[in-house]
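In this note's numbering, the protein residues as written are 347 to 870.
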């Protein structure tokens, strides 16, 4: 029989690995979109469904994990989720058409949505009360690796192997995780005698949640690509979300056994904190979307190099997270860290908004180091403050609500970013073109230089002139796109500046150790 110490560390490795799998798969496919589209013979807009399907599944299942753990038992639900995630990953890898890939990507998101929150509780229970601060720090240090490893690992696979290996790598890890969970993770006493006949399933609440939040996520993910309300699906699903979400809120406040008890949102700290967590989600998803686009489309970096540049920032967060945790445990106010984290993110946006096509790797690295420090200082302290005034019985719902709000903030961020880039790019292109007047000496000299360069490489005179105009058009489009990226970083920074005062509306209450640990876990 395995010793208690050995068993504890096996649980640490298993739960952290499972949680990292979930976080990696939220971002790993982003760097492979172009290659996947080409291989499957579809457009970039169509292949984005691979990202959309996973996000929709995640945002539906996350607020339901507490109920599902109670109904099936935590260990059973956890192992079942890993199995679903692993099987879906395999079928994503062998998919030979878009919609098969999208269907299994959705199932992967359903399985993955449970891995993060359930892993937290299992790992926490493996440690005695005196060592639970260590458990929280270990989990936090492991989890910050996920968003960093996703683009890095995805870039390496895309540059060296087939895109399907982004999914196949989950299979052996998933199989090992199922074996280790079955062998080393014990059931809680309450899991041995679950009387499901006494558990009322909030079928109406689950339906309204899935339909409303799923529709909203679809609209946010696909709105810009499908021309928003000019597309009937976007219009109809917006109406569905506008009806379903208010009905869900009304029903959850009315029913006696809600799938998500929203009465906790009456708490001031949670209400204000949710707004701030929403902005954090917006900032996180926007920055992880914008940086690779800027680095690859404007500066010309490969997917691997783009991913590697993210590593130092992730390392800073990795180092700082336990420092922040120990400082809060020693009595430092979470508000101080939250303010510093907010300011760091504002500085990051400012630094990125002043770069250009000649930006060096060092320029990106410094900005991402600031971002990494900001992430370490803002996540756990902000969640800590948000749920610090809740009753112990309200903590699971409060944490689930903040996780869902952060996910929705990210969805809004992606939607706003895509729309804003498209609009600003068109504006800047018109401005740049308006400066190219017929007969302008500088424009004529530039076109002649391009044409002569092409002619010197064997292009005939007529074709060289035509190609020179095409090259000039491409340069203008690239410049307009770059300026629109800079505008978008400024917009993200503005959101943080405007919402910063809300931090001072939250009560500055010290939490008991159990609640503090739950807040720290939720921050990832």
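Cβ coordinates follow ideal geometry from the N, Cα and C atoms, glycine included.
Since the structure is predicted, the reported quantities are computational estimates derived from the model, not experimental observations.
Within the segment 501 to 531, note down every full alpha helix (DSSP H) run reaching 4 residues or more, in order along the chain.
511 to 514, 516 to 530
Look at the Cβ atom of residue 512, then the Cβ atom of residue 387, and state whether they are nearer than 9 Å.
Not a contact, by the Cβ cut-off of 9 Å.
Cβ shell of residue 581 (< 6 Å), same chain only, five flanking positions each side left out
If we look at residue 581 and ignore the five residues flanking it on each side, its Cβ neighbours are 575.
CB contact flag (residue 603, residue 558, <9 Å)
No, the Cβ-Cβ distance between residue 603 and residue 558 is not below 9 Å.
Among 842, 774, 834, the one whose alpha carbon lies nearest that of residue 825:
774
Go ahead and pull the three-state DSSP assignment for residue 820.
Under the three-state reduction of DSSP output, residue 820 falls in the helix class.
Taking only three categories from DSSP, how would you classify residue 702?
Note: residue 702 maps to coil in three-state DSSP.
Cα-Cα separation between residue 626 and residue 759, rounded to whole angstroms:
Rounded to whole angstroms, the gap between the alpha carbons of residue 626 and residue 759 is 10 Å.
Quick check on residue 780: does DSSP put it in helix, strand or coil?
helix
Can you tell me which of 415, 408, 752, 469 puts its alpha carbon nearest to the alpha carbon of residue 361?
469
I need the boundaries of the alpha helix (DSSP H) containing residue 421, first residue and last residue.
420 to 440
N-terminal and C-terminal residue of the alpha helix (DSSP H) that residue 624 is part of:
614 to 639
Spatial distance of residue 766 from residue 830 (CA atoms)
8 Å
Straight-line gap, residue 732 to residue 612 (C-alpha atoms, nearest Å):
12 Å
Quick one: grab the DSSP three-state call for residue 576.
If DSSP states are grouped into helix, strand and coil, residue 576 belongs with the helices.
By Cβ distance, which residues of its chain are closer than 6 Å to residue 693, with the 5 residues on each side in sequence left out?
716
To which residues of the same chain is residue 584 closer than 6 Å at the C-beta, ignoring the five residues directly before and after it?
Within the same chain, residue 584 has close Cβ partners 565.
By the three-class DSSP mapping on this structure, what secondary structure does residue 547 have?
coil
Limits of the unbroken alpha helix (DSSP H) element including residue 386
Looking at the DSSP string, the run of the alpha helix (DSSP H) that includes residue 386 is 379 to 386.
Could you tell me the distance, in whole angstroms, from the CA atom of residue 618 to the CA atom of residue 726?
16 Å
Alpha carbon to alpha carbon, what distance is there between residue 449 and residue 501?
As the crow flies, the alpha-carbon of residue 501 is around 24 Å from that of residue 449.
Can you give me the start and stop residues for the alpha helix (DSSP H) that residue 728 sits inside?
707 to 733
Does the Cβ-Cβ distance between residue 691 and residue 720 come in under 9 Å?
The answer is yes: Cβ separation under 9 Å.
Apply the 10 Å Cβ neighbour rule to residue 389 and answer buried if 16 or more other Cβ atoms are within range, or exposed otherwise.
exposed
Between the Cα of residue 526 and the Cα atoms of 593, 428, 534, which residue gives the shortest distance?
428
Residue from 453, 435, 834 whose Cα sits closest to the Cα of residue 521:
435
In terms of residue numbering, what span does the alpha helix (DSSP H) encompassing residue 398 cover?
From DSSP, the alpha helix (DSSP H) with residue 398 extends over 395 to 407.
Residue 397: which of 620, 635, 658 sits nearest, CA to CA?
For the options 620, 635, 658, the alpha carbon positioned closest to that of residue 397 is the one of 635.
Supposed contact pair residue 510 and residue 364 - C-beta distance, whole angstroms, cut 8 Å
With a Cβ gap of about 21 Å, residue 364 and residue 510 do not count as contacting.
Compare the beta carbon distance of residue 623 and residue 735 with 9 Å and say whether it is the shorter of the two.
no
Pick from 369, 606, 714 that is closest to residue 409, judged by C-alpha positions:
Out of 369, 606, 714, the CA that lies nearest to the CA of residue 409 is found in 606.
Between the CA atoms of residue 713 and residue 539 - distance to the nearest angstrom
53 Å
In whole angstroms, give me the CA-to-CA distance for residue 614 and residue 745.
15 Å
Quick check: what's the CA-CA separation for residue 649 versus residue 849?
37 Å
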